[in-house]
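Undergrad:
Residue numbers (UniProt numbering): 1 to 375.
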């Protein structure tokens, strides 16, 4: 007697047996909106709180809000193509529209690479394929601001400082670039602060005196396709080193995102540990020591977390003893950084001595999808 295989997933031929209405986690609906022909084709998207941000190849941005309703039937727009098998589409209302000035773009061939938006939909970053980065404050409805200090950088991933964000100030923005750089900046009425934190190409901090080592082959891509930052809490604040980690930020539009609560963080750490990315084995008995997922296997003491609403920009060298947990992803490696009390101090501790895990080329995309589902 053959045993029934319970692990077989339904295929396209089994769609009649799958009850989509029972899937309360996700529901796929077609969006009842499309840009006019004069506005160009969609090239990038970003998500916020009940809001979709869409960018087109005509350098226009549209903020769409979803009213939460769905309808059956075909879209009334005749110039929008839909699959006949899909009968649901979501209502969308255009909230705001922005246009990037041509003087910021340089060449007409220079296209938008990615767009980023914070969860509250107050701040927008637009990065181009070549030599242009633009900031937009949504609430002030101000004209787009060219980020001159980011000139020449192509932003690949962004982490917003949730507790430092206001309607007029971004708090600390940490971002990774296509050439392996990790930077921080603060934007208010103007570019208030900009600094480089780390370079994954050389694994050095800025202005390092020692000669660089070669950590990557010349053909290896070092684009920072994922960034993740958490505050860390000590053992005495919960049931584990990360059990009550205060969320510092949520990564947008990247492979890894900051968790909304500690349970999700533990799930992601456990998942990565099961796949071999994080070394969960520890010979230490001290409850305040967390074994990092580094190739060197070093241990780092996790200090007590400060006030819940502590932001990345409010800790000083002589002030709160803040500890950060940073994960940076490039296509074939996952880097981990643990320390503080500032981001600069954290990365200085890893100058010329990076800690990373090699990622199998065929596994990284699956990992990103899995983590995105957990966020």
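We treat Cβ as the ideally placed atom computed from N, Cα and C, and that holds for glycine.
1) Out of 45, 168, 342, state which residue places its alpha-carbon closest to the alpha-carbon of residue 187.
2) Restricting to Cα atoms, I'd like to know which of 172, 128, 44 is closest to residue 159.
3) Quick one: using the 10 Å Cβ neighbour count with 16 as the cut-off for buried, is residue 354 buried or exposed?
4) Just curious, the beta strand (DSSP E) that residue 195 is in, first and last residue?
5) What does DSSP give as the partner residue(s) for residue 146 in the beta ladder?
6) Between which two residues does the alpha helix (DSSP H) containing residue 31 stretch?
7) Using only alpha-carbon positions, find the residue among 200, 203, 204, 182 that is nearest to residue 194.
8) Could you give the distance in angstroms between the alpha-carbon of residue 344 and the alpha-carbon of residue 97?
9) Can you tell me whether residue 137 is buried or exposed? The criterion is at least 16 other CB atoms within 10 Å of its CB, across all chains shown.
10) In its own chain, which residues sit with a C-beta less than 7 Å from the C-beta of residue 360, not counting the 5 before and 5 after it?
11) Can you round the beta-carbon distance between residue 351 and residue 205 to whole angstroms, since I take them to be within the 8 Å contact cut?
12) Keeping to the same chain, check which residues put their C-beta closer than 6 Å to that of residue 144; ignore five residues upstream and five downstream.
13) How should residue 116 be labelled, buried or exposed, when 16 other C-beta atoms within 10 angstroms of its C-beta is the threshold for buried?
14) Bridge partners for residue 157 per DSSP, in chain order?
15) Residues in its own chain within less than 7 Å of residue 56 by CB, not counting five upstream and five downstream?
16) What is the DSSP secondary structure of residue 232, reduced to helix, strand or coil?
17) Return yes when the Cβ of residue 52 is within less than 8 Å of the Cβ of residue 221, no when it is not.
18) Going by alpha carbons, who is nearest to residue 30 out of 59, 92, 63?
TA: Based on what the coordinates show:
1) 168
2) For the residues 172, 128, 44, the minimum Cα distance to residue 159 belongs to 172.
3) buried
4) 191-199
5) 134
6) No alpha helix (DSSP H) contains residue 31, which is instead part of the beta strand (DSSP E) from 30-32.
7) Comparing Cα positions, the closest option is 182.
8) Straight-line Cα distance between these residues: approximately 37 Å.
9) Per the 10 Å Cβ criterion, buried.
10) none
11) 5 Å
12) Apart from the 5 residues on each side of it in sequence, residue 144 sits with its Cβ closer than 6 Å to the Cβ of 100, 134, 136 in its chain, given in chain order.
13) buried
14) Answer is 176.
15) 35, 39, 40, 41, 42, 43
16) In this structure, residue 232 counts as coil in the three-state DSSP scheme.
17) No; because the gap between Cβ atoms is not below 8 Å, this pair is not in contact.
18) 92
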